[in-house]
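Undergrad: Chains L and D, in that order, give the protein sequences.
Heads up: the first sequence is residues 1 to 376, going by my numbering.
Heads up: the second sequence is residues 377 to 896, going by my numbering.
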Amino acid sequence: MSNRRLLVFNILRGVAAIMLALAVAAVFIFLTSKEPLTAMKYLLLGPLVSFKATGLVFNSTGLFTILAAMIPTIFTGLAVCVMFSANQFNLAGEGVVMLGGFVGALCGIYLKINSPLHPVVCVLVAAAVGGVIMLIPALLKVKLGASEMVTSLMLNYIIMFVVLHFLNYNFADRTKGSTQTYPILDTARIPEIIANGTKLTWGFVIAIIFVVLVALFMYRTKWGYAIRMIGINQSFAKYSGMQVGAMIVLSQVIGGVLSGMGGSIEVLGRFNSFLWKELPGYGWAGITIAILAKNNPIFVPFAAFFIAYLNKGCQQMATYSDVPSEMIDIIQAAIFLFFAAEQFLAKYRQKIVVKNTQMDLANQAKAAANAEGGSH
Amino acid sequence: MEQEDFVVQMKGISKVYPNGIAANQHVDFFVRKGEIHALMGENGAGKSTLMKILFGLEEPTDGEIIVNGEQVHLTSPSVAISKGIGMVHQHFMLVPSLTVAENIVLGMAPKKSGIIVDYKKAVEITEENAKRFNLLVDPNAKVMDIPVGMKQKVEILKALVRGARILILDEPTAVLTTQETGELFKELVSLKEQGFTIVFISHKLNEIKQITDRLTIMRNGKSMGVYETAGISEAEISRLMVGRDVVLSVQKEKSKPEGSVLKVRDLEYTNKWNKKVLDGVSFSVRRGEILGIAGVEGNGQRELVEMLFSLNVPDAGTATVNGENILQTEQRAIREKGVSLVPEDRMVYGIAGPATIEENVISDRYSKKQFNKGALFNVKGIHSESDHLIADYRILCKSRKQQVKMLSGGNIQKVVVARELSSKPKLIIADQPTRGIDVGATEFIRAKIVELSRAGAAVLLVSADLNEVIELSDSLIVMYGGKIVAYFDDTSQLDDMVMGEYMLGLKHQTDEEIRRVCYE
Chain L
1 MSNRRLLVFN ILRGVAAIML ALAVAAVFIF LTSKEPLTAM KYLLLGPLVS
51 FKATGLVFNS TGLFTILAAM IPTIFTGLAV CVMFSANQFN LAGEGVVMLG
101 GFVGALCGIY LKINSPLHPV VCVLVAAAVG GVIMLIPALL KVKLGASEMV
151 TSLMLNYIIM FVVLHFLNYN FADRTKGSTQ TYPILDTARI PEIIANGTKL
201 TWGFVIAIIF VVLVALFMYR TKWGYAIRMI GINQSFAKYS GMQVGAMIVL
251 SQVIGGVLSG MGGSIEVLGR FNSFLWKELP GYGWAGITIA ILAKNNPIFV
301 PFAAFFIAYL NKGCQQMATY SDVPSEMIDI IQAAIFLFFA AEQFLAKYRQ
351 KIVVKNTQMD LANQAKAAAN AEGGSH
Chain D
377 MEQEDFVVQM KGISKVYPNG IAANQHVDFF VRKGEIHALM GENGAGKSTL
427 MKILFGLEEP TDGEIIVNGE QVHLTSPSVA ISKGIGMVHQ HFMLVPSLTV
477 AENIVLGMAP KKSGIIVDYK KAVEITEENA KRFNLLVDPN AKVMDIPVGM
527 KQKVEILKAL VRGARILILD EPTAVLTTQE TGELFKELVS LKEQGFTIVF
577 ISHKLNEIKQ ITDRLTIMRN GKSMGVYETA GISEAEISRL MVGRDVVLSV
627 QKEKSKPEGS VLKVRDLEYT NKWNKKVLDG VSFSVRRGEI LGIAGVEGNG
677 QRELVEMLFS LNVPDAGTAT VNGENILQTE QRAIREKGVS LVPEDRMVYG
727 IAGPATIEEN VISDRYSKKQ FNKGALFNVK GIHSESDHLI ADYRILCKSR
777 KQQVKMLSGG NIQKVVVARE LSSKPKLIIA DQPTRGIDVG ATEFIRAKIV
827 ELSRAGAAVL LVSADLNEVI ELSDSLIVMY GGKIVAYFDD TSQLDDMVMG
877 EYMLGLKHQT DEEIRRVCYE
């Protein structure tokens with residue numbers, strides 16, 4: 001019973017953190033905007049609602065675009081969940097998304113496979129490359145003790161510039177005004193579920209399937225179990241006989257595979273060619289999402305939805321009012337602060353605990369008496 | 377209540393920790409001026425919590441505290457110190473790399489021209505107080521070089537120099553030898569004569585009878601009342617503490633040891649401070665026998681256990697289990713040879729606190745065939761394994777899904793023991809298996825160890841609890857200064873005064889006598 005009550009508390013605490021963050025955002029909006037109410041309206045409702053003369057109308061296109069925006073971030077969110085569960089603060093998801101997108105696009109351009117398997121092959125190659133590249137921070141950590149946080153962060157920029165180098169000097173379509181590759185073959189494109197131009201592709205279905213797969217992996221397999229135990233207490237894992245080094249590498253390789261998939265699915269679903277000239281930001285969003293989801297894969301789609309909604313709201317707000325879209329950074333920062341602050345609402349939590357304990361005490365004493373009496 | 381001269385009155389104190397443990401429930405605790413007052417109870421009874429509240433380390437959920445007739449809110453140790461309350465913790469709070477004098481003036485150091493620490497003055501302060509309170513210490517020695525007994529004196533001095541008139545000592549004798557304990561008691565009595573009030577936390581009955589005036593007994597977070605020490609028998613105290621008459625002697629039939637399982641030969645280790653911690657350690661543990669290692673903590677026992685589980689690398693020497701090397705290998709390989717370890721520090725090695733009981737009991741066997749179905753876990757198999765272990769080892773919990781960190785200390789240790797003893801081990805290394813847990817769990821764990829050894833397991837028992845090591849072991853060795861200084865092949869006639877002499881390095885056996893422990 002008490003466990004359930006604390007779960008409810010944790011959910012309420014999350015909601016309260018989000019509300020407070022929005023309140024902080026509102027303060028800034030009211031301080032800086034000449035039309036704060038319009039700004040707030042678009043921020044909070046804009047993503048899903050059209051404001052017509054006749055009133056508010058549900059905007060299904062809005063919903064489709066939000067779901068479409070979740071595709072890459074679900075993958076990066078899952079990737080971060082796995083790596084953070086092993087207590088590995090690997091931040092290279094960002095670079096690996098870009099690399100995955102690039103590799104996926106190249107496979108889509110140069111591999112001639114005239115079958116529905118073409119995108120599958122592209123995504124698998126991108127995933128494999130993503131996994132291999134994550135061996136760098138993982139092995140540096142396990143073999144040399146180098147902090148994966150530092151090496152992975154640096155790796156992002158190495159990946160970005162290497163990709164840009166090849167894009168500029170080897171694969172650029174010179175007939176185009178801006179730097180981009182030749183068009184991705186039609187056979188390699190990931191189609192939309194409903195052809196309505198919202199880019200909600202079958203990639204979304206694959207993402208949801210991976211949510212289930214990763215959740216199963218983390219909670220129902222020996223590898224996921226070992227990864228979680230290592231994340232909780234590495235000394236305990238080592239002493240228990242787990243292969244700590246191998247699992248640390250595995251967690252980061254899986255993170256790379258998922259990030260590489262996310263990047264390639266995004267590029268093959270959304271664009272005609274590869275045209276990213278900087279890091280796309282999905283890796284960073286994945287970190288936010290994993291933190292909101294408390295590293296639990298099942299919560300990842302919800303967190304991804306929330307972030308996508310917030311992004312869209314900020315875009316709408318920037319389009320229809322005088323508040324810049326950077327407001328989203330303030331909101332995200334505030335959510336982070338309240339989420340990360342262990343003591344947030346701790347007093348209230350303590351009250352619940354005291355109440356629970358007093359209720360349990362009588363039962364416990366009874367149980368103890370029974371256990372002692374029964375076994376002698 | 378009649379008007380008495382109380383220095384401390386704690387009324388109706390309750391404390392609920394964030395993990396939901398009600399450590400104190402409406403506890404009354406009154407201390408008279410100038411007495412030595414024992415606070416007694418099993419581990420987990422709530423003694424430490426009550427004293428932490430009195431020292432300002434924990435805030436009570438409910439209740440009031442009156443010190444010297446004044447109602448106080450002890451929100452931090454500095455407030456408590458300003459009210460004349462000092463505490464000596466079970467685990468010393470000293471800076472090992474600083475000298476005794478520096479530790480004593482830490483945070484209130486005398487200054488030359490306001491900036492530079494006046495070390496000479498610090499030494500003077502230390503010497504003056506040491507003389508005044510009759511607590512002899514060497515002001516210029518580094519804390520890491522002095523023996524445990526002296527560290528404790530430094531702690532007491534530290535509190536006194538800060539103006540404490542009420543001293544709380546949390547299990548001060550837990551780390552001391554019999555001789556050092558005797559010395560401490562003389563000092564405490566002398567402090568009492570000078571008008572200091574001493575609260576003495578312990579669960580050792582003989583000590584309490586020896587030096588305290590009154591005692592308060594706690595059980596399960598509640599006070600069982602306050603008594604004049606002279607007017608209550610040890611049996612009565614024991615009954616009040618435990619709630620039933622416990623026989624703490626271990627029931628076991630005579631061992632019939634045969635064939636060595638563990639053979640350790642000439643193990644050497646020098647630690648990073650260039651101290652020789654293991655110096656030519658050789659012994660054998662045989663099938664069906666419990667070999668105890670007695671010794672004051674810090675004489676190489678911890679390092680020895682680390683080596684035997686490959687958590688550390690020795691400089692020289694060998695260790696084999698049934699002829700196979702166990703040094704510098706993987707824990708998985710060691711476990712596959714049938715070795716299991718009940719680790720000294722259960723919170724660091726023994727458990728993953730936020731994980732469930734189930735996840736904790738399968739940590740050594742989760743990859744076995746019976747718990748996996750193809751790529752996935754065999755969830756049913758794992759559930760039934762953990763339910764069995766919870767039942768067999770009487771782990772008191774709501775369900776297998778309960779977080780281990782929410783359990784009491786004794787139940788946490790039962791989780792560790794359940795895992796380690798249920799893997800059909802050939803060699804069990806039990807390092808402080810019952811430290812800090814209640815009598816019920818202690819008895820249970822000891823009985824389990826005996827049961828397994830009589831069924832043919834070899835057991836290496838390391839314990840700082842002299843009673844435990846003598847009672848539980850069939851034979852024992854004593855470690856001092858990284859060496860084995862004595863071997864007794866029969867523990868039934870051992871006397872703790874003699875043991876104390878070996879443990880303190882005052883006596884040692886001849887090499888031939890010690891070599892007898894190296895069975896083939």
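Built from N, CA and C at the ideal position, the CB exists for glycine as well.
#1: What does DSSP give as the partner residues of Thr175(L) in its beta bridges?
#2: Roughly how many angstroms lie between the CA atoms of Gly374(L) and Asp768(D), to the nearest whole one?
#3: For the beta strand (DSSP E) that contains Ser353(D), what are its first and last residues?
#4: Cβ closer than 7 Å: which chain D residues qualify as neighbours of Val354(L)?
#5: Could you tell me which residues DSSP pairs with Asn400(D) in its beta bridges?
#6: Tell me the rounded alpha-carbon separation between Glu877(D) and Lys774(D).
#7: Measuring only between beta-carbons, confirm whether Val724(D) sits less than 8 Å from chain L.
#8: Would you say Gln350(L) lies against chain D (beta-carbon separation less than 8 Å)?
#9: Is the beta carbon of Leu684(D) sitting closer than 8 Å to the one on Ile702(D)?
#10: Please identify the residue among Gly131(L), Ile291(L), Leu268(L) and Val8(L) whose C-alpha is closest to the C-alpha of Ala92(L).
#11: Counting only runs that start and end within the stretch 692-716 of chain D, where is the alpha helix (DSSP H) found for 4 or more residues in a row?
#12: I need the DSSP call for Gly832(D), collapsed to helix, strand or coil.
#13: Ile522(D) and Asp514(D) look like a contact to me (Cβ under 8 Å); what is the Cβ gap, rounded to whole Å?
#14: Applying the criterion that 16 or more other CB atoms from any shown protein chain within 10 Å of the CB defines a buried residue, is Lys630(D) buried or exposed?
#15: As a quick exercise: from Asn787(D), Ala834(D) and Glu827(D), pick the residue whose alpha carbon is nearest that of Leu803(D).
#16: Say whether chain L places a C-beta atom closer than 8 Å to the C-beta of Asp926(D).
#17: Taking 8 Å as the CB-CB limit, is Val236(L) close to chain D?
#18: Of all the residues that make up the stretch 222-234 of chain L, which are near chain D by a beta-carbon distance shorter than 8 Å?
#19: Please report the distance separating the alpha-carbon of Asn516(D) from that of Pro486(D).
#20: Excluding five sequence neighbours on each side, which residues of the same chain lie with their C-beta closer than 7 Å to the C-beta of Glu682(D)?
#21: Which residue comes first and which comes last in the beta strand (DSSP E) that contains Asp438(D)?
#22: When the Cβ atoms of the stretch 410-427 of chain D are set against those of the stretch 446-458 of chain D, are three or more pairs found closer than 8 Å?
#23: For Val49(L), which residues in the same chain have their Cβ closer than 8 Å to its Cβ, ignoring the five residues on either side in sequence?
#24: Within a Cβ cutoff of 8 Å, which residues of the same chain sit near Asp621(D), ignoring the five residues on either side of it in sequence?
#25: Run the CB neighbour count on Gly483(D), radius 10 Å, all protein chains shown included, and call it buried at 16 or more, exposed below.
#26: Any contact between the stretch 792-801 of chain D and the stretch 738-745 of chain D? By contact I mean 3 or more CB pairs, one from each, below 8 Å.
#27: Look at the alpha carbon of Ala535(D) and the alpha carbon of Gln385(D), and state the distance between them as a whole number of angstroms.
#28: Quick one: Cα of Gly94(L) to Cα of Val267(L), how far?
#29: Within 10 angstroms of the Cβ of Met218(L), are there 16 or more other Cβ atoms? Answer buried if so, exposed if not.
#30: So, Met229(L) versus Glu735(D), is the Cβ gap smaller than 8 Å?
#31: Quickly, what does DSSP pair Glu192(L) with across the bridge? List them, please.
#32: Counting Cβ pairs, one atom from each stretch, are 3 or more of them under 8 Å apart for the stretch 3-13 of chain L and the stretch 260-279 of chain L?
#33: Give me the residue from Val211(L), Lys176(L), Asn156(L) and Ala237(L) with the minimum Cα distance to Glu706(D).
#34: Can you check whether the CB of Ile542(D) is closer than 8 Å to the CB of Val383(D)?
#35: Mark Gln627(D) as exposed unless 16 or more other C-beta atoms lie within 10 angstroms of its C-beta, in which case mark it buried.
#36: In angstroms, rounded to a whole number, what distance separates the CA positions of Gly77(L) and His759(D)?
TA: Taking the geometry as given:
#1: Thr175(L) pairs with nothing; no bridge assigned.
#2: Here the model assigns Gly374(L) a pLDDT of 45, short of 50, so the residue's position is not dependable, and the following value carries that caveat. When rounded, the distance between both Cα atoms is 13 Å.
#3: Residue 353(D) cannot be examined here, being either before or after the span of chain D that is shown, 377 to 896.
#4: Chain order gives the chain D residues near Val354(L) as Val392 and Thr437, where near means a beta carbon separation below 7 Å.
#5: Per DSSP, Lys391(D).
#6: Take the alpha-carbon of Glu877(D) and the one of Lys774(D): they are about 47 Å apart.
#7: So, interface residue.
#8: Chain D, which has a Cβ nearer than 8 Å to the Cβ of Gln350(L), makes this yes.
#9: The answer is yes: Cβ separation under 8 Å.
#10: For the residues Gly131(L), Ile291(L), Leu268(L) and Val8(L), the minimum Cα distance to Ala92(L) belongs to Gly131(L).
#11: List check, alpha helix (DSSP H) in window: 707-712.
#12: Three-state result, Gly832(D): coil.
#13: Taking C-beta atoms under 8 Å as the contact rule, Ile522(D) and Asp514(D) qualify, at a distance of about 7 Å.
#14: Exposed is the call here.
#15: Put simply, of Asn787(D), Ala834(D) and Glu827(D) the residue whose alpha carbon is nearest the alpha carbon of Leu803(D) is Ala834(D).
#16: Since the first residue of chain D shown is 377 and the last is 896, residue 926(D) is not available in this structure.
#17: What sits at residue 236(L) in the sequence shown is Phe, not Val. Interface residue, yes.
#18: From the stretch 222-234 of chain L, only Lys222, Tyr225, Ala226, Arg228, Met229, Ile232 and Asn233 have a Cβ closer than 8 Å to chain D.
#19: Asn516(D) and Pro486(D) have their C-alpha atoms roughly 16 Å apart.
#20: Only Asn688 meet the Cβ criterion.
#21: Where Asp438(D) is concerned, the enclosing beta strand (DSSP E) stretches over Asp438 to Val443.
#22: In this structure the stretch 410-427 of chain D does not touch the stretch 446-458 of chain D; the number of beta carbon pairs closer than 8 Å is below three.
#23: Only Leu56, Val57, Phe58, Asn59 and Gly62 meet the Cβ criterion.
#24: Low confidence applies here, because Asp621(D) scores a pLDDT of 47, under 50, leaving its location unreliable; read the following figure in that light. Beyond the five residues adjoining it in sequence on each side, Asp621(D) comes within less than 8 Å, by CB distance, of Ala611, Ser614 and Arg615 in the same chain, given in chain order.
#25: Under this definition Gly483(D) is an exposed residue.
#26: A contact exists between the stretch 792-801 of chain D and the stretch 738-745 of chain D.
#27: As the crow flies, the alpha-carbon of Ala535(D) is around 21 Å from that of Gln385(D).
#28: Rather than Gly, the amino acid found at residue 94(L) in this sequence is Glu. The straight-line gap from Cα to Cα measures roughly 14 Å.
#29: Counting the other CB atoms within 10 Å of its CB gives Met218(L) a total of 16 or more, which places it among the buried residues.
#30: With respect to Glu735(D), Met229(L) sits close: the two C-beta atoms are nearer than 8 Å.
#31: DSSP links Glu192(L) through a beta bridge to Thr201(L).
#32: Segments in contact, no.
#33: Glu706(D) has its Cα closest to that of Ala237(L), out of Val211(L), Lys176(L), Asn156(L) and Ala237(L).
#34: Yes, the Cβ-Cβ distance between Val383(D) and Ile542(D) is below 8 Å.
#35: Using a 10 angstroms sphere on the CB of Gln627(D), the tally of other CB atoms stays under 16, which defines it as exposed.
#36: Cα to Cα, the separation comes out at about 30 Å.
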